[in-house]
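Undergrad:
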Amino acid sequence: MRDRIACPTRRPENNTSNSIITRLFFTLCVIGNFALTETPVRAEHPTLTPTPFEQIKGLVGTWQGTRKAYDGEETITARYSLTAKDTAVMEQLFPGTPKEMVSVYTQDGHDLVMTHYCMLGNQPRMKTQGRAPSKHITLTYVDGTGMRSPHEMHMHEVTITIMDDSHMTHQWTLYDKGKKKVTHTFMFTRQ
Numbered sequence: 186m187r188d189r190i191a192c193p194t195r196r197p198e199n200n201t202s203n204s205i206i207t208r209l210f211f212t213l214c215v216i217g218n219f220a221l222t223e224t225p226v227r228a229e230h231p232t233l234t235p236t237p238f239e240q241i242k243g244l245v246g247t248w249q250g251t252r253k254a255y256d257g258e259e260t261i262t263a264r265y266s267l268t269a270k271d272t273a274v275m276e277q278l279f280p281g282t283p284k285e286m287v288s289v290y291t292q293d294g295h296d297l298v299m300t301h302y303c304m305l306g307n308q309p310r311m312k313t314q315g316r317a318p319s320k321h322i323t324l325t326y327v328d329g330t331g332m333r334s335p336h337e338m339h340m341h342e343v344t345i346t347i348m349d350d351s352h353m354t355h356q357w358t359l360y361d362k363g364k365k366k367v368t369h370t371f372m373f374t375r376q
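Terminal number for the sequence shown in our numbering: 376, no gaps in between.
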């Protein structure tokens with residue numbers, strides 16, 4: 186605890202100006218001592234909504250989905266699991282098939298970072314920009330490996346929309362030659 190300011194306890198002679206100064210000094214001492222007392226520490230920025238990483242952790246389990254393809258609808262499975270002492274979430278799309286892809290989500294400060302190990306043979310890294318709204322998490326390309334430049338074909342952005350505990354969508358945007366080529370939308374239900 187901090188030292189308190191010493192305040193005089195005896196009163197000066199009956200002089201009006203001394204009396205006013207003494208009262209003023211006494212008031213300042215009381216205010217000073219109040220300001221120096223310890224107060225409980227509060228969080229700087231209380232979090233009312235879950236962070237994007239906490240939202241991704243909530244997806245742990247198996248999800249079944251569909252995607253519109255050129256020849257009808259395609260069935261998709263997504264599996265989410267915790268790894269690295271619960272500091273990362275691993276997502277498997279098309280697990281056990283030749284199309285299997287893995288994405289690893291981690292928290293970096295207030296942002297969510299993801300590396301996508303794509304069947305295209307590259308590994309784009311994406312990141313959120315600031316806090317995400319409660320239902321939508323958008324990660325956008327930052328950099329990547331396995332490609333000579335960002336103009337090569339790669340997944341550039343993904344938006345995960347969590348409607349409720351049992352329903353979500355993915356929108357994966359593919360870039361080629363520096364421009365958006367196509368967006369694939371997957372609709373998932375928790376199994």
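Built from N, CA and C at the ideal position, the CB exists for glycine as well.
1) Grouping DSSP H, G and I as helix and E and B as strand, with all else coil, what is lysine 284?
2) Measuring CB to CB, does threonine 291 end up less than 7 Å from alanine 273?
3) Expressed to the nearest angstrom, what Euclidean distance is found between the alpha-carbon atoms of lysine 364 and glutamate 342?
4) Since leucine 305 and methionine 338 should fall inside the 8 Å C-beta cutoff, what is the C-beta to C-beta distance between them, to a whole number of angstroms?
5) Quick one: using the 10 Å Cβ neighbour count with 16 as the cut-off for buried, is serine 288 buried or exposed?
6) Nearest-angstrom Cα distance between glutamine 249 and aspartate 271?
7) Could you check where the beta strand (DSSP E) with glutamine 308 kicks off and where it finishes?
8) Identify the continuous beta strand (DSSP E) that holds lysine 365 and give its terminal residues.
TA: Well, looking at it:
1) coil
2) yes
3) 12 Å
4) 6 Å
5) buried
6) 23 Å
7) 308 to 312
8) 364 to 375
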